[in-house]
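In my numbering, the protein residues as written are 3 to 470.
Built from N, CA and C at the ideal position, the CB exists for glycine as well.
Here's the structure we're looking at; comments come further down.
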Ligand SMILES: Nc1ncnc2c1ncn2[C@@H]1O[C@H](COP(=O)(O)OP(=O)(O)O)[C@@H](O)[C@H]1O
Ligand SMILES: [Mg+2]
């Protein structure tokens, strides 16, 4: 929950910082372009005034046309707000000066010569005000020379820029607060259904493992998440039930032979028996012991497979030869039902554990014999899929296995017809772990196995790599 909160705050803060950064850059650009524009405006104004004044100075004669000159200057300066002019001749005599800052000070400044030489402008602070100044030196007929200094006040522009900066600052602050609040509200509303979902998930425990979250109660974007979660619950519930049944099944499987043995022993002890009878009973008991011992060793085998302790002892195996030998081994059983084996096709040799693969194939074959009706044929087809993979299909005729049972056939203690096999008839079947062992062996060999069944036959398809 804590990390959830961190995430919910991190995003608004990022949005807020981004908005802030973006607006800051934006306002910086506005400010800069306004500043550039006003400098440009000032420079153009100063240059045009200087040019006009110089034009007038060319015809200026202090004795002849001073009045006309002054009138023309006034005309030039009309309309220029906060513009100041200072003109002196080569003798240093003031030809004209407007009221305002003492521009003579600028004459003494270090930049003055540079302004004249480069035709640039400079900023000068006088009487607590800031001015942009331009200057020119006009030489007429080599004996007459005028220095003109023109200054334009920058205070209004500076104030405007400062107000603009202040206004933009407030705008940025407001935008950031709005972005923060907006993204917090958005996150709150998007997280609300997720939080509801989390609460529902938190309530699920082993007792309520069959509970499923309804997809209609969540926004459309979370439907696939809920479906995936429900599917995960299905799988977990399945594993959980199998685990629970597994314990019950072991207990049940052990109880049946032990009850048989106990009952038989009690009956025998009730009366004195002949040696022959004792021998018979001990033989019968031996069968039960063997069954129990087989089941325990099967369980140990599966436990080893679960813990990945099964290490196949790899040798070169001729599958065709191995299967042929197995068919011969099962002959007494097949003869009883007049069932025949047919081995079709062939495949390359593979690397595998002979004992394990023999056990796997014999488990499938013994099932096949059990479920094949009399006088029928079991087909074992070998084929090469690629250079590195072979396929074995063991198919037997018989009743179709229901499609709902097929995915569970390899589960431990799973038997299609429970009642048929719970009758204690020793010959009818094992404990239902034969195919689970087959699957473990095939998977230990990095192969795969599946089963398909229809009205004609049931087929176990094994896919094995040639080299492990
Ligand atoms: N060839 C087959 N034809 C029909 N059903 C089969 C076949 N092989 C296995 N089954 C079904 O799969 C179940 C599980 O088989 P298995 O794990 O070998 O257990 P078991 O042989 O001890 O019953 C069997 O009980 C049976 O219902
Ligand atoms: Mg079996």
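Q) Are residue 401 and residue 377 closer than 8 Å when you measure CB to CB? A) As a first step, residue 401 is located in the chain shown; it is residue number 399 there, counting from the start. As a first step, residue 377 is located in the chain shown; it is residue number 375 there, counting from the start. No, the pair does not count as a contact, with Cβ atoms beyond the cut-off.
Q: Flag residue 369 as yes when its Cβ comes closer than 7 Å to any non-hydrogen atom of ligand 1, and as no otherwise.
A: Here residue 369 refers to the residue found at position 367 of the chain shown. The beta carbon of residue 369 sits closer than 7 Å to at least one heavy atom of ligand 1.
Q: Could you give the DSSP three-state label for residue 209: helix, strand or coil?
A: Numbered from its first residue, the chain shown carries residue 209 at position 207. Helix.
(Q) At the level of alpha carbons, what is the spacing between residue 472 and residue 268? (A) Here the chain covers residues 3 to 470 and nothing more, so residue 472 does not appear.
Q: Indicate whether residue 356 and residue 463 have their beta-carbon atoms separated by less than 8 Å.
A: In the chain shown, the residue the question calls residue 356 occupies position 354. In the chain shown, the residue the question calls residue 463 occupies position 461. In this structure, residue 356 lies away from residue 463, with their beta-carbon atoms at least 8 Å apart.
(Q) What does the Cβ neighbour count give for residue 1, buried or exposed, with the cut at 16 atoms within 10 Å? (A) The question about residue 1 has no answer, for the chain in this structure spans 3 to 470.
Q: Note down the Cα distance separating residue 386 from residue 347, rounded to an integer number of angstroms.
A: Stepping through the chain shown from its first residue, residue 386 is reached at position 384. Stepping through the chain shown from its first residue, residue 347 is reached at position 345. When rounded, the separation of the alpha-carbon atoms in residue 386 and residue 347 is 9 Å.
Q.
For residue 16 and residue 241, I'd like the C-alpha separation in whole angstroms.
A. The residue labelled residue 16 in the question sits at position 14 within the chain shown. The residue labelled residue 241 in the question sits at position 239 within the chain shown. Distance from the CA of residue 16 to the CA of residue 241, rounded to the nearest whole angstrom, comes to 44 Å.
Q. Looking at the structure shown, is residue 59 part of a helix, part of a strand, or coil, going by DSSP?
A. Translated into positions along the chain shown, residue 59 becomes position 57. In the structure shown, residue 59 falls within a helical segment according to DSSP collapsed to helix, strand and coil.
Q: Could you tell me the distance, in whole angstroms, from the CA atom of residue 181 to the CA atom of residue 11?
A: The count along the chain shown starts at 1 and reaches residue 181 at position 179. The count along the chain shown starts at 1 and reaches residue 11 at position 9. Straight-line spacing of the CA atoms in residue 181 and residue 11 works out to 12 Å.
Q) DSSP on residue 84, reduced to helix/strand/coil? A) On the chain shown, position 82 is the one that residue 84 refers to. Coil.
**Q.** Own chain residues within Cβ distance below 8 Å of residue 351, not counting five before or after
**A.** Looking up residue 351 in the chain shown gives position 349. The beta carbon of residue 351 sits closer than 8 Å to those of 318, 319, 320, 321, 468, all from its chain and outside the five residues before and after it, given in chain order.
(Q) In this structure, how does DSSP classify residue 460 when only helix, strand and coil are distinguished? (A) The count along the chain shown starts at 1 and reaches residue 460 at position 458. Reduced to three states, the DSSP call for residue 460 is strand.
Q) Where residue 308 and residue 455 are concerned, what is the direct C-alpha to C-alpha distance, given to the nearest angstrom? A) Here residue 308 is taken as the residue at index 306 of the chain shown, counted from 1. Here residue 455 is taken as the residue at index 453 of the chain shown, counted from 1. Distance between the alpha carbons of residue 308 and residue 455: 28 Å.
Q | N-terminal and C-terminal residue of the beta strand (DSSP E) that residue 152 is part of | A | In the chain shown, residue 152 corresponds to position 150, counting from 1. Run containing residue 152: 146-155, per the beta strand (DSSP E) assignment.
**Q.** Sub-8 Å separation of residue 438 and residue 417 beta-carbons
**A.** As a working note, residue 438 is residue 436 in the chain shown. As a working note, residue 417 is residue 415 in the chain shown. Contact flag unset, no.
Q.
Can you tell me where the alpha helix (DSSP H) holding residue 226 begins and where it ends?
A. To locate residue 226, count along the chain shown from 1; it is residue 224. Start and end: 225-272.
Q: Examine ligand 2 and report whether any of its heavy atoms sits within less than 7 Å of the Cβ of residue 360.
A: For the purposes of this step, residue 360 is taken as the residue at position 358 of the chain shown. The answer is no for residue 360.
**Q.** Length of the line joining the Cα atoms of residue 258 and residue 406
**A.** By 1-based counting over the chain shown, the position of residue 258 is 256. By 1-based counting over the chain shown, the position of residue 406 is 404. Using only the alpha carbons, I get a separation of about 28 Å.
Q. Which one of 200, 374, 149 has the shortest CA to CA distance from residue 227?
A. Within the chain shown, the letter at position 225 stands for residue 227. Checking every option, the nearest Cα to that of residue 227 belongs to 200.
Q) Of all the options 178, 212, 412, 383, which has the alpha carbon lying nearest to the alpha carbon of residue 345? A) Taking the first residue of the chain shown as 1, we reach residue 345 at position 343. Looking at the Cα atoms, 383 is the closest of the given residues.
Q: Just mark residue 39 as buried or exposed, buried being the case when its beta carbon has 16 or more other beta carbons within 10 Å.
A: Position 37 of the chain shown holds residue 39. It is exposed - the Cβ of residue 39 has fewer than 16 other Cβ atoms within 10 Å.
Q) Roughly how many whole angstroms lie between the Cα atoms of residue 459 and residue 441? A) As a position in the chain shown, residue 459 is number 457, starting the count at 1. As a position in the chain shown, residue 441 is number 439, starting the count at 1. One C-alpha to the other measures close to 20 Å.
Q: List the residues that DSSP assigns as beta-bridge partners of residue 42.
A: Here residue 42 is taken as the residue at index 40 of the chain shown, counted from 1. Answer by DSSP bridge pairing: none, since residue 42 is not bridged.
Q) Below 8 Å, can you find three or more Cβ-Cβ pairs linking the stretch 66-75 to the stretch 46-58? A) Proximity of the stretch 66-75 to the stretch 46-58 meets the contact definition, three or more beta-carbon pairs being nearer than 8 Å.
**Q.** Spatial distance of residue 184 from residue 19 (CA atoms)
**A.** One-based indexing of the chain shown puts residue 184 at position 182. One-based indexing of the chain shown puts residue 19 at position 17. Residue 184 and residue 19: Cα-Cα distance of roughly 13 Å.
**Q.** Residue range of the unbroken beta strand (DSSP E) whose run includes residue 355
**A.** The sequence position of residue 355 within the chain shown is 353, counting from 1. Per DSSP, residue 355 is one residue of the beta strand (DSSP E) stretching across 352-355.
Q. Helix, strand or coil for residue 534 per DSSP?
A. The structure shown does not extend to residue 534, since the chain is modelled only from 3 to 470, so the question has no answer here.
Q. In chain order, what residues of the same chain have a beta carbon less than 7 Å from the beta carbon of residue 29, not counting five sequence neighbours either side?
A. The residue labelled residue 29 in the question sits at position 27 within the chain shown. Here the set comprises 170, 174.
**Q.** the stretch 328-339 / the stretch 283-299 touching (three or more Cβ pairs under 8 Å)
**A.** These segments do not touch.
Q.
Just list the residues that DSSP pairs residue 21 with in beta bridges.
A. Here residue 21 is taken as the residue at index 19 of the chain shown, counted from 1. The bridge partners DSSP lists for residue 21 come to none.
Q: For residue 128, write down the residues that DSSP places opposite it in a beta bridge.
A: Working through the chain shown from its first residue, we reach residue 128 at position 126. Note: residue 128 sits in a beta bridge opposite 131.
Q) Name the DSSP beta bridge partners of residue 54, please? A) As a working mapping, residue 54 is identified with position 52 in the chain shown. Residue 54 pairs with nothing; no bridge assigned.
Q: Could you check if residue 311 is buried or exposed, using at least 16 other CB atoms within 10 Å of its CB as the buried criterion?
A: Mapped onto the chain shown, residue 311 falls at position 309. With fewer than 16 other beta carbons inside 10 angstroms of its own, residue 311 counts as exposed.
Q) Would the beta-carbon of residue 465 be found less than 7 Å away from any heavy atom of ligand 2? A) In the chain shown, residue 465 corresponds to position 463, counting from 1. Incorrect: residue 465 has no Cβ contact closer than 7 Å to ligand 2.
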